[in-house]
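Below is one structure, written out as structure tokens; the observations come after it.
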Amino acid sequence: MEESKMGDNIYLPQLARVIHIKEEVPGERSIKTFRVEFLNGGGFDHECGQCAMLSVFGRGESMISIASSPLDKEFKQFSIMRAGRVTTAFHDLEVGDVIGIRGPYGNGFPVDDWRGKNLVFIGGGCGLAPIWPVIQTAVKRRDDFKHITVFYGGRTARDIMYRAELEKLRSTAEVCLSVDKAEEGWEGFCGFVPANLMEKAPSSDNAIAITCGPPVMIKFVINNLRNLGFQDDHIYTTIENKMKCALGKCGRCNVGKDYVCVKGPVYSWADLKELPPEY
Amino acid sequence: MERMLAKEQIGDWIRTLRGWEVFGPVLQDGVWSYQPADTVQLDHPNTAQPPKGFAFPQREVFFTFEQIKGEPPRLTPVAPKGGQQVVFGVRPCDARGLPRMDRVFTETFDDVYYRTRRGSLAYVGLACNQPPSPHCFCKSVGGSPVSTEGLDVLMTDLGDRYLVAAVTATGEKLMQAAGDLLTEPTGVDRSEAGRLRLAAITHPQRAVNDVASVPPRLKKGFDSSLWEDLARPCISCGICTFLCPTCHCFDINDETNGSTPLKGSRVRTWDSCQFPDFTMHSSGHNPRETLGSRLRQRVCHKFQYFHENFGMFQCVGCGRCVAGCPVGIDIIAVVNQVAASAGEG
């Protein structure tokens, strides 16, 4: 077969150059934000909540949520915690390096359905990144939404990502930060994110809740949201599972009959609770 | 199109298939496998491995890359080797694996590697007059010893001759190449074939009980303690998925063979849901951490999830996973036990 027939190749990534790297969180749970620009006139549009398969050639691919707003057309941004082989390779990159990128994959948050609603975001750890495009979109289209509240927590103050952006956000939204344990100089809430949520107890009236974080945090947050009166179809989360293809084929991200890479990663609790708890 | 072929002339037919690479079952060191063949003797029970590797090889290079740090890499897709391949002696159960893999690889996102290989592949099947294995259960999962699904040609062994029946247009072409080697069946040929087919279809087999009720019962039985009980002897070797005609899970990795400049290839290899790290996140969190959760995934994928998504079972009843399991985990027994327990109350 001639190579020309291989044109429509779902496994072949586009190329993008790293144009900016910012260290969000230092130390063992290090998070860096990478801004990339497509090469060769490439690119794609995405929705809030969608993901992309990023590669460092020679190290492999990893599914990462797109942390920039769909309204930013010039670049894509990804906040990546150093955890495994590929994410460690990302942390070793320098500005100017060229990576592979394919996508966008999965579904997005139904942001347009939420016009006129109060929005309550609850993030933990690097789980702020997947919901950050929604927060940015809500801020940019501020008149479309009513009250915006953002709960976010890190293990320690050093683990808080997007620190400057969160402070800036206070002008348009209520921002409730937390750290797991009291520490010197910390004036926000001390305790886990689900506890901070109960402490502030946002009203479920005309409200949508959007949460992402470690699996165990999501579990307690959803439980608390239901106790606060949020209906199951007004609670949204975005889940992650190990992925290799992002195309509904490689067989490892499934939760029951759903491949998270295709049917997810965004689920309402009304839909997610019908699936087995394999995430 | 139905024709007759004298058994000793099968090699003559194969020699007429110009432009086709021909494979047939070969016994080597006690193991049956599909090998390139000038002629075939179709007296095999079934091959140790199904023929799924023709469309979906165990290892496949997607593309090679060459990159100098800070510069764009050169990516070169590696196209599957061209040329048409025809496999003789495929059992009807194994052939049914192919349309199931088609659903996975060509719907939603079209996999050019699979589609290319699949598009140049033909199966010439052999009906099972006798079940080739004591673990055959094709009839439980919508198949039969004479099923034509996934085949291009079905041959039936009539002792000294074959009844050769075209299933697809490709099959007709393969038969047309044979010219005068293939003759018109007589009334005796047809009635003998009919008798053998009936005997094959009515031959007793092991069975999945009330298979239509299995998907909802497995759903109900998700939390059953039977999963861990039945999976306890499992050693996570993955032979069940390796030998399965429908298992398609895979891994993608970069293999490097030079660092300055960086040189290497992105490679797809078969993988298995039975391996403990298959679903493990880099954080260490693992959604399918236990043996039971992984047995449940294999069984429910075949008998519930795939059925919910595509309206068909992702099991063709070849019995290889039963025969090949070193600790005797038996998918028929597992499905029957879990479904029965979920049916109570």
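These protein sequence lines map, in sequence, to chains A and B. Residue 0 is where the first sequence starts when you use numbering that gives the first Met the number 0, and the numbers rise one by one after that. Residue 0 is where the second sequence starts when you use numbering that gives the first Met the number 0, and the numbers rise one by one after that. Think of the CB as a built atom: it goes at the ideal place given N, C-alpha and C, for glycine as much as any other residue.
Annotation note: the segment 219-299 of chain B contains the following uninterrupted alpha helix (DSSP H) runs of length 4 or greater, listed N- to C-terminal: 225-230, 238-241 and 290-299. Residue 100 of chain A and residue 104 of chain B have their alpha carbons spaced roughly 21 angstroms apart.
The beta-carbon of residue 195 of chain A is placed no less than 7 angstroms from the nearest beta-carbon of chain B. Taking the CA atoms as reference points, residue 218 of chain A sits about 18 angstroms from residue 201 of chain A. With a contact defined as Cβ atoms closer than 8 angstroms, residue 132 of chain B and residue 91 of chain B miss out at about 13 angstroms. In the displayed model, residue 80 of chain A falls within a strand according to three-state DSSP. Annotation: Cβ neighbours of residue 278 of chain A in chain B (cutoff 8 angstroms, chain order): 286. If the five residues before and after residue 230 of chain B are omitted, its C-beta is found closer than 6 angstroms to the C-beta atoms of 290, 291 and 294, all from its own chain and listed in chain order. A contact between stretches requires three or more CB pairs, one per stretch, nearer than 8 angstroms, and the segment 39-54 of chain B meets this requirement with the segment 241-252 of chain B. In the displayed model, residue 275 of chain A falls within coil according to three-state DSSP, outside both helix and strand. For residue 307 of chain B, the uninterrupted alpha helix (DSSP H) segment begins and ends at 305-309. A straight line joining the alpha-carbon of residue 8 of chain B with that of residue 145 of chain B spans about 23 angstroms. In the structure shown, residue 117 of chain B adopts helical secondary structure according to DSSP, grouped into three states. Pairwise C-beta distances place the segment 135-150 of chain A in contact with the segment 109-127 of chain A, as three or more of them are shorter than 8 angstroms. In this structure, residue 14 of chain A lies near residue 38 of chain A, with their beta-carbon atoms less than 7 angstroms apart. Rounded to whole angstroms, the separation of the alpha carbons of residue 4 of chain B and residue 177 of chain B is 10 angstroms. Excluding its 5 nearest sequence neighbours in each direction, residue 249 of chain A has C-beta neighbours in its own chain below 8 angstroms: 242 and 243, listed in chain order. Buried is the label assigned to residue 216 of chain B, since at least 16 other Cβ atoms lie within 10 Å of its Cβ. With contacts defined by Cβ atoms closer than 7 angstroms, residue 18 of chain B and residue 39 of chain B do not form a contacting pair. At least 7 angstroms separates the beta-carbon of residue 96 of chain A from that of residue 257 of chain B. Using a 10 angstroms sphere on the CB of residue 223 of chain B, the tally of other CB atoms reaches 16 or more, which defines it as buried. Annotated three-state conformation of residue 241 of chain A is coil, per DSSP. For the set B:296, B:265, B:281 and B:264, the Cα lying nearest the Cα of residue 257 of chain A is the one of B:296.
Between residue 225 of chain B and the set B:198, B:118, B:154 and B:335, the nearest pair of CA atoms involves B:335. Looking at the DSSP output, residue 68 of chain A shares a beta bridge with no other residue.
For residue 226 of chain A, the closest Cβ of chain B is not nearer than 7 angstroms. Remark: three or more beta-carbon pairs, one from each stretch, lie closer than 8 angstroms, so the segment 63-75 of chain A and the segment 126-133 of chain A are flagged as touching. With a threshold of 7 angstroms between beta carbons, residue 82 of chain A makes contact with chain B. Of B:139, B:81, B:167 and B:284, the smallest CA-CA separation from residue 278 of chain A is found for B:284. Per DSSP, reduced to three states, the secondary structure at residue 302 of chain B is helical. Taking a beta-carbon distance threshold of 7 angstroms, residue 314 of chain B does not count as an interface residue toward chain A. The beta-carbon of residue 20 of chain B is placed no less than 7 angstroms from the nearest beta-carbon of chain A. The residues 52, 62, 104 and 260, in chain order, have a CB closer than 6 angstroms to that of residue 245 of chain A in the same chain once the five nearest residues on each side in sequence are set aside.
At a Cβ-Cβ threshold of 7 angstroms, residue 309 of chain B and residue 102 of chain B count as neighbours.
Considering only beta carbons, the part of the segment 49-64 of chain A lying closer than 7 angstroms to chain B consists of 56, 57, 58, 59 and 60, in chain order.
At a cut-off of 7 angstroms between beta-carbon atoms, residue 96 of chain A makes contact with chain B.
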